[in-house]
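Each residue of the sequence shown is one higher than the one before, starting from 446 at the first, in the working numbering.
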Amino acid sequence: MHTGMFDPSNHITAPKVPRSSPLRPLPVDMQSHGGLRGVAAVWIVIFHCFGDPRYHAGWVVALQGSSLMPLFFMLSGFSLAVTYGRTTWAVSSFTWPWGGKNEQQGASSSSQSHSICVVTGMDRMEQGNELPETTTVATSVPACLDPPTPLQPFFPTRDFYQNRIARVIPVYWLSILISIPLWLLNIADYPFSLQTFLPSLATSIIPVTSLFSAWNEHYIAAINPVGWFITTLAFFWLFFPVWLPRMQRLSDRGLLGVVVVGYWLQLFLIQSLYSVLPLFFHFRPFTTATMNPLSRFPLFLMGMAAGLLSLRHASSEKIPGGPHRTLPTPQAGGATHSYNPLACSKGQHPGRKGSEIIIKSPVRSQEKANVHMRPPPGPLTGDTLTADGLFPTGFNSIIKAENGHVETSPEKGDSTVFPWPACVLCLPLPTPCAASRPPVKDHPPSPSRPPRGSTLHSERAPPPPLPTDRGIPSTISSFPLAHVCDEPSPRPSPGPSLLPSLPELLLLHWTPPSTPKGWALAASQHALALLLCTLLVAGIDTGYRIVTQGRHTIGAQVWYQGVVVMAQLNVVLALTRDEGRSHAARFLRIPVCAWLGSISMNLYLLHYPLLGYLALALHPSHVPALLRCFHLGRGGKEGDMEAEVEAERVVRCQALIKDVRVLPWWSVLIVVPVAIGLAEGVGRWVEAPARQAWRRGKGRG
């Protein structure tokens, strides 16, 4: 006997396949993303060898290593959303108006007294609670990922946090331990001294080890300066279990709105924090603009939204059973229904009329209460799911369900509902994939009532796609929208040239592909354009620094971080759809790049202490003097110097910076292989044992 709030005969459940089973692969192809992480990590190591004025004071090659940090944030959100987004999680903080929290509680149920669950996110109605005679419930869960189950599970928050801790914290603390000798020898920010032991402890060890260093600009560079990245990621991971269930309930247009609004928001934050706020407040503009968790959080949300969109529209070959899975309906005597996870992408138009679903369900007192549900326009157009399977519900019909039977009737009312993203993205710019869509024609509801015990499948043709997607700025969102609609376009496909045209390159806008070959060409174009733009901006910034003798900079490392974000996301998305055919994907999937991707986090955390040890070994007398120059004006005795003495010190420091080359150009040949070897060793003997210990503890628990 099944115990629960729902009768299992009223639901179709997906076949359960263990996560470790080869029959349950990730539906989104992310094989190239590992190599992308590895190549980006090596790029950052090279950048720090040449681009840090502490260790290379003579000349600076601005390889724009910091501009790759947004890529890591978006990749983290993308991969986590794809991995954990395959299950539609319950929103644990939601409380129904008639009482009872949205929790998994068991209770006996019978065929005479049960509630009907639709795909609208209504996880349960408590048995024994009398509902109001008429109750309005907002329905906003798209039927995109999994068929409905009697109860939506809660996100495994504790397991998620433990897995993240076992993955990152041991290596992070080891990098701090390796950097402490440099801190004691004044080779790091906030150097140690016996006279200031407690202040040094408070401003270095405690904030860094407790993952709070990125929240204060004065603590970011303490001990291991690159550790701020882990602090920022930890903040993102802290709120991931909260945001994922809520973002799963957004339509495609809503997720696309997260991408577009997130792009403009992060661009506004990074530019305002770097250029405007320093005029009114005293803080370090670069670190606050590019390293603060709040200013970088929109990037993580952009990655999550892109990951959920990719998961909803994954190719059929990557999903067990394909996109049209055939699942049995127990109540129908083993009958089957075709399940289409792409249904949520059909019929999303801000001008379509809303519909009303009236569900009658018996309660404890045998009185029947009407539950009126007004679905939002978008996810419920086409075939959606009820307790018994699939039933046709359009925006011009009313579905009445009573004891598991469904009938359609002409629509009542004439209401027009606009989805919330339409209010934000109301720019009259048509998108490329909208040009090929035929006009919309309203379909009359089915006049016949399905016989008892039969499958509730739509007898009419599915609604045609929308004629337009106006309201979405094409110059920014055309690529993610092409990733959603993924249909042939009458516009000419990209030519055989490797580089896009200048307008396409400047606007990040091109014809959406519809085949893996087209995606491969798009991935190669965007990857090559991104590489050339990075080198071009780096060359301009470096030349300007050389001309001005290091006194001025165009600040490319800041504004380029904000502008290049959408191009990076374009590459991430294209690599998931090209089936490894693009030149970029072929390069990123070679074993060396894949191996570098597996140790990219360790490589990033451990390479920076190596720079300090190498600089100390090559020039033990110059490094402390150079670091003292960079401590001018940070308080203490140096900050309290008289103006004349401080000016003299500044002149000497400028001469030291000009004449002394702390790290020669060939230092990269030493740092890169040593850092890679150290990262591999730490991965084998520190990270892997920590994760195995966590799994054993989880098994015992």
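C-beta: ideal position from N, C-alpha, C; glycine also.
Counting only the Cα atoms, Gln1013 lies some 12 angstroms from Tyr1005. Taking the CA atoms as reference points, Ala983 sits about 7 angstroms from Ala1001. Residues Val1116, Val1119, Ala1120 of the same chain have their beta carbon placed closer than 7 angstroms to that of Leu1055, with the five preceding and five following residues left out of the count. Per the coordinates, the alpha-carbon of Trp673 lies some 32 angstroms from the alpha-carbon of Thr532. Scanning its chain for C-beta atoms nearer than 8 angstroms, with the 5 sequence neighbours on each side dropped, one finds around Ser740 the residues Gln711, Leu714, Ile715, Leu718, Thr733, Ala734, in chain order. Looking at Trp682, Gly522, Tyr1053, Val1037, the one whose alpha-carbon comes closest to that of Arg603 is Trp682.
Note that the segment 512-532 touches the segment 745-758; at least 3 beta-carbon pairs, one per stretch, sit closer than 8 angstroms. By alpha-carbon distance to Val1016, the top candidate from Met692, Arg1141, Phe495, Leu513 is Leu513. Distance from the CA of Glu1132 to the CA of Arg612, rounded to the nearest whole angstrom, comes to 6 angstroms. Between Gly522 and Gly1042, the C-beta gap is not smaller than 7 angstroms, which leaves the two residues out of contact. For Ile675, the uninterrupted alpha helix (DSSP H) run begins and ends at 673-693, by DSSP.
Between the alpha carbons of Phe685 and Arg1141 lies a distance of about 25 angstroms.
For Thr732, the enclosing alpha helix (DSSP H) covers residues 730-736.
In this structure, Gly748 and Met519 form a Cβ contact; the two beta carbons are roughly 4 angstroms apart against a cut-off of 8 angstroms.
Cβ-Cβ separation between Arg1026 and Pro961: approximately 6 angstroms, consistent with a contact (criterion under 8 angstroms). In chain order, Ser521 place their CB closer than 7 angstroms to the CB of Leu678, counting only its own chain and leaving out the 5 sequence neighbours on each side. Under the three-state reduction of DSSP, Ser655 is assigned to coil, being neither helix nor strand.
For Ile1115, the enclosing alpha helix (DSSP H) has its first and last residue at 1113-1127. Contact between Ala1039 and Ala968 is ruled out by a C-beta separation of about 17 angstroms, above the 8 angstroms threshold. Relative to Leu1018, the option among Phe731, Val704, Leu1061 whose CA is nearest is Val704.
Pairing Pro730 with Thr676, the inter-Cα distance amounts to about 18 angstroms.
Ser696 has its alpha-carbon roughly 47 angstroms from the corresponding atom of Ile623. A direct Cα-Cα distance of roughly 10 angstroms separates Ile1044 from Gly1122. An exposed status is given to Ser655, since fewer than 16 other beta-carbon atoms sit within 10 Å of its beta-carbon. Classified as buried, Gly963 has 16 or more neighbouring CB atoms from the shown chains inside 10 Å of its CB. A Cβ-Cβ contact shorter than 7 angstroms links Ala535 with Gln597.
DSSP places Trp534 outside any alpha helix (DSSP H), giving it a letter other than H or E. The straight-line gap separating the alpha-carbon atoms of Phe680 and Arg1022 is approximately 30 angstroms.
Counted as a single uninterrupted DSSP element, the alpha helix (DSSP H) harbouring Met1011 occupies residues 1010-1019. Counting along the chain, Pro1036 sits inside the alpha helix (DSSP H) bounded by residues 1036-1043. Asn737 is not a Cβ neighbour of Tyr1053, given a cutoff of 7 angstroms. Under the three-state reduction of DSSP, Met475 is assigned to coil, being neither helix nor strand.
In the displayed model, Leu1108 falls within coil according to three-state DSSP, outside both helix and strand.
For Gln597, there is no enclosing alpha helix (DSSP H), since its DSSP letter is neither H nor E.
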